[in-house]
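To convert, count from 1 in the sequence shown and add 122; that's our numbering.
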Amino acid sequence: MPRSRCPLPALPILRWLPRYSLAWLPLDLLAGLAVGLTTVPQALAYAELAGLPLQYGLYSSFMGCFVYCFLGTAKDVTLGPTAIMSLLVSSYASHEPVHAVLLAFLSGCIQLAMGLLHLGFLLDFISFPVIKGFTSAASITISFNQIKNILGLQGIPRQFFLQVYETLRRIGETRAGDAVLGLSCLAALAGLRAVRSQVPRAGPAESLAVRISHLIVWISGTARNALVVLFAGLVAYSFQVLGSQPFRLTGSIPQGLPPFRPPRFSLAAPNGTVPFQSMVQDMGVGLAVVPLMGLLETIAIAKAFASQNGYRIDPNQELLAVGVANVLGSFVSSYPITGSFGRTAVNAQSGVCTPAGGLVTGALVLLSLAYLTSLFYYIPKAALAAVIISAVVPMFDAGIFRTLWRVKKLDLVPLCVTFLLCFWEVQYGIVAGVLVSGILLLYSIARPPIKVSEGAVLLVQPGSSLHFPAVEHLRDCVCSRALAASPPRSVVLDCCHVSSIDYTAVLGLAELLQELRRHGLSLAFCGLKDSVLQVLLSADLEGFQHFPSWEEAGGAELGGSRAEPFSSTADSSGLIQ
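1. Determine the direct distance from the alpha carbon of ALA345 to that of ILE519, and round the result to whole angstroms.
2. Quick one: grab the DSSP three-state call for HIS336.
3. Give the DSSP-derived three-state secondary structure of PRO392 in the structure shown.
4. Quick one: which unbroken beta strand (DSSP E) runs of 3-plus residues sit fully inside the region 431-464? Chain order, please.
5. If you draw a straight line from the C-alpha of PRO251 to the C-alpha of PRO385, how long is it?
6. Which of helix, strand or coil does DSSP assign to PHE647?
7. Does the distance from the C-beta atom of ALA508 to that of LEU311 stay below 8 Å?
8. For HIS240 and ALA196, what's the separation of their Cα atoms in angstroms?
9. At a cut of 8 Å, does the region 446-463 reach the region 268-286 through at least three beta carbon pairs?
10. By Cβ distance below 6 Å, which residues in the same chain neighbour TYR168 in space, the five residues on each side in sequence not counted?
11. Is it the case that the Cβ atoms of THR483 and ILE423 are separated by a distance below 8 Å?
12. Please list the terminal residues of the continuous alpha helix (DSSP H) segment that includes PRO368.
13. Ignore the nearest five residues each way along the sequence and tell me which others in TYR181's own chain have a CB closer than 7 Å to its CB.
14. Quick one: grab the DSSP three-state call for VAL628.
15. Would you mind sorting VAL514 into buried or exposed? The rule is 16 or more other CB atoms within 10 Å of its CB.
16. Buried or exposed for ILE561, please, with buried defined as at least 16 other CB atoms from any protein chain shown within 10 angstroms of its CB.
17. Using a Cβ-Cβ cut-off of 7 Å (strictly less than) and excluding sequence neighbours within five positions of TYR500, which residues of its own chain qualify?
18. Which residues does DSSP pair with PHE669 in a beta bridge?
19. Using 10 angstroms around the beta-carbon of PHE398, count the other beta-carbons present and answer buried if the total reaches 16, otherwise exposed.
20. On the criterion of 16 or more Cβ atoms from any shown chain inside 10 Å, does CYS544 qualify as buried, or is it exposed?
21. Taking the C-alpha atoms as reference points, what is the distance between PHE382 and GLY451?
22. Grab me the residues of PRO570's own chain with a C-beta within less than 7 Å of its C-beta, minus the 5 sequence neighbours each way, in chain order.
23. Is it buried or exposed for PRO477, if we count other Cβ within 10 angstroms and need 16 for buried?
24. Can you tell me the Cα-Cα spacing of GLY194 and LEU133, whole angstroms?
25. Can you give the Cα-Cα distance for ARG233 and GLY378, rounded to whole angstroms?
26. Would you be able to state if there are at least three C-beta pairs under 8 Å between the region 484-499 and the region 255-272?
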């Protein structure tokens, strides 16, 4: 008797915790530490990008680590602030911490609802060209947004085109100290990245000295953000001791953990109180864009690393994990978070075995908040800008334009629409890209390819299912070819590719049957799948006849006379789009 399969536990942590091996512990500790050393400097930099006080980057960096350990289904994924999410927050939160925290709470509620209702399929309507157009434009926008910090400029507007104009106009005001430090940090980050990627792993047969040198290179490359920020901070502190300061510094960051309290649903203003409804109206379309992009980023990263490492994820469970992380994060003053590709890559390359590595990362962030914030005062803004630029430059994919031109040129339309409009406003680019992709999808449904082959009878073969936008196209195609032939020919409709049909299409086929009968012609169906056949039989079409194959239909009595069997060597054939 076959054994019944036991259902998986509802809580993902119960799937791996009971079989946790002590041999995994050192690897999880090492991975959590490596990710933590990347997280802390990136958190400060991303808060600057979001237009929020820097401590909010740290507030946003630990709750996701803890929640994902319990609810996540991918061992490699880490949740926290990202460049993309920080850019969206800067667009929709009005640079107000209260708005940003409320946005995290509302986004989490929407993500939770989508997970509970199994609405993850909605993300499938955001096509790959739209995603690539958005991330490539975001890479340029975010990078240029940080040029002002590299050059030490102040008072630069955040709108992209105004930003470009003002930066170029005021480039003569560049602070030499910030520019030199910022460019040096960029060069150091690029060099450490290159060295780490090019040095091969040390084999077990290598000598101890070789393995130690490889370990040093690996640690330096993995923790490059922390090393560069630490070095820049030491340089700034040295100048401060000498009595001069050529850099713009981060400044004071409140020490201590954030209080655990619900997000505020109103905002005190000089002329009164901003109510909840007004705050929601200010967020606008961000209430749709932020949760969707957060889910899309997390699931895409989880799928990519799960496929690479040979395990499976549960997309709906991922929706729940991100939703819970954002809801609980809002209680510790977090702005919206999502999966981070860069930190997830560090986690995977560090050999993490379970999501428990996130506990170490979260603990390191909490330690930084509790004891190290006073040291962050001396971190130059140019160094944080270099960290951001180094993180987002790889997001620009120039090759996608060439690839789509070679594979399918039509997909360049949503890519370019999204890419260009994102420089104006992020939401316009994403919405326009999704709309263009939707129009292209609907057009393919409304105008399916129809193969028409002529013989003694006319063989018409739709290339996909028949739905109401396509029925007029099919009727026009059949009538124009059947009646224009000399003599007019009866029609065999080969439905081998038609897996579904709706009522409007059935009515259209009934009208087509009547129209052909008025001209003394017949319409026969063949290759009908069971589901389609049942629909057509239920409609009780007058004159309806169907055959298992087109050979039988071609040899049947059509239009009152016996037609010759249809052969594969037809007189002519065409493909109508």
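By construction, the Cβ of each residue, glycine as well, lies at the ideal position given by its N, Cα and C atoms. All values derive from a computational prediction rather than experimental measurement.
Looking at the coordinates:
1. Inspection of the sequence shows that residue 519 is occupied by Asp rather than by Ile. Cα-Cα distance, rounded: 25 Å.
2. helix
3. coil
4. none
5. 36 Å
6. strand
7. yes
8. 19 Å
9. no
10. GLY179, PRO203 and SER208
11. no
12. Neither: PRO368 is in no alpha helix (DSSP H) and is coded neither H nor E.
13. PRO380, VAL454, SER455 and SER456
14. helix
15. buried
16. exposed
17. GLY355, ALA358, TYR359, GLN362 and LEU371
18. CYS648
19. exposed
20. buried
21. 9 Å
22. PRO584, GLY585, SER586 and ALA592
23. buried
24. 9 Å
25. According to the sequence displayed, residue 233 carries Gln and not Arg. So the two alpha carbons sit approximately 30 Å from each other.
26. no
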